[in-house]
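Numbering (our numbering), first residue to last: 33 to 286. Right, one structure below, let's go through it.
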């Protein structure tokens with residue numbers, strides 16, 4: 033409350049407890065952070081008369097049964113993890129506050145964000161660290177599952193574009209070029225000039241088999257499209273890791 037001011041034009045809520053598998057172990061903290069945290073910010077927007085709210089959401093909402101590429105109007109009532117369920121609840125709260133109080137809301141759904149200084153629980157950061165340090169690379173499932181990897185700079189541009197007045201809209205931010213996990217590992221191997229020691233483990237029930245964003249709405253509504261290929265993005269991630277390897281190798285990723 034102390035940092036809020038009625039002269040603020042907008043609030044961008046990037047704060048979240050993220051991670052699919054971890055949410056199965058401790059769902060309560062995901063509700064506290066992602067649902068109650070969003071509610072707190074919406075209430076402050078109402079109280080201080082702040083008319084624009086941007087909520088960072090996730091492709092995990094699309095679950096396992098929607099046709100690909102995922103459209104924003106797909107059924108999101110079958111989340112596979114408490115994390116996805118918590119973000120669904122946050123989206124619904126945003127609509128309620130839009131309806132009751134006229135808050136203008138944009139909800140970008142992020143698709144597998146990666147890049148320099150990324151989250152250490154995300155696959156590409158782990159793959160780079162594990163391969164660079166000669167550690168085993170854990171793959172859940174057969175490695176054929178695909179992800180719509182999206183570079184962090186593209187996500188940042190899309191989030192800023194989401195500040196425009198739209199009423200209430202959900203918008204996918206993805207690369208529209210999904211890649212299999214094993215193909216991503218091969219790219220990391222090429223950039224590091226090292227070979228991965230892959231260890232396969234059973235697929236996790238909370239993991240979706242594939243993600244793929246239909247980004248036609250982002251193109252038309254936000255005038256946004258991704259600019260960074262997976263090859264370019266992984267090269268930048270590898271470069272960052274090598275420049276910071278002295279301390280980045282110590283980051284806990286297992």
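Heads up, the beta-carbon is just placed ideally off N, CA and C, and yes, glycines get one too.
> According to DSSP, is residue 239 helix, strand or coil?
Replying inline: coil
> Tell me, which residues are paired with residue 230 by DSSP?
Replying inline: 169
>> As an exercise, report each continuous beta strand (DSSP E) stretch of at least 3 residues that is fully enclosed by the region 142-209, in chain order.
In response: 168-172, 200-205
> To which residues of the same chain is residue 73 closer than 7 Å at the C-beta, ignoring the five residues directly before and after it?
Replying inline: 43, 45
> Between which two residues does the beta strand (DSSP E) harbouring residue 44 extend?
Replying inline: 43-45
> residue 122 and residue 66 look like a contact to me (Cβ under 8 Å); what is the Cβ gap, rounded to whole Å?
Replying inline: 5 Å
> In the DSSP assignment, what residue or residues form a beta bridge with residue 136?
Replying inline: 84
>> Considering only the alpha carbon of each residue, which of 97, 176, 49, 105 lies closest to residue 216?
In response: 176
> How big is the Cα-Cα spacing for residue 58 and residue 233?
Replying inline: 21 Å
> What's the gap between the Cα of residue 212 and the Cα of residue 187?
Replying inline: 20 Å
>> Nearest by alpha-carbon distance to residue 218: which of 87, 110, 182, 263 is it?
In response: 263
> With DSSP run on the structure shown, which of helix, strand or coil describes residue 96?
Replying inline: coil
>> I'd like the span of the alpha helix (DSSP H) that includes residue 263, first residue to last.
In response: 262-275
> Where do the ends of the alpha helix (DSSP H) carrying residue 284 lie?
Replying inline: Per DSSP, residue 284 belongs to no alpha helix (DSSP H) and is neither H nor E.
> With distances taken between CB atoms, is the gap from residue 190 to residue 235 smaller than 8 Å?
Replying inline: no
> Is DSSP giving residue 108 helix, strand or coil here?
Replying inline: coil
>> Between 138, 64, 167, which has its C-alpha nearest residue 117's C-alpha?
In response: 64
> Between which two residues does the alpha helix (DSSP H) containing residue 49 stretch?
Replying inline: Careful: residue 49 lies outside any alpha helix (DSSP H) and carries neither H nor E.
>> Looking at the secondary structure, which residues open and close the alpha helix (DSSP H) in which residue 221 lies?
In response: 213-224
>> Pop quiz: residue 183 and residue 101 are said to be a contact at Cβ under 8 Å. What is the actual Cβ separation, rounded to whole angstroms?
In response: That belief does not hold up - the Cβ atoms of residue 183 and residue 101 are roughly 18 Å apart, past 8 Å.
> Helix, strand or coil: which one does DSSP assign to residue 113?
Replying inline: coil
> With C-beta atoms as the reference, is residue 130 less than 8 Å away from residue 124?
Replying inline: no
> For residue 252, does the count of other Cβ atoms within 10 angstroms reach 16, so buried, or fall short, so exposed?
Replying inline: exposed
>> With distance defined between alpha-carbon atoms, name the residue in 241, 52, 198, 237 nearest to residue 98.
In response: 241
> Can you tell which of 135, 272, 56, 285 has its C-alpha closest to the C-alpha of residue 167?
Replying inline: 285
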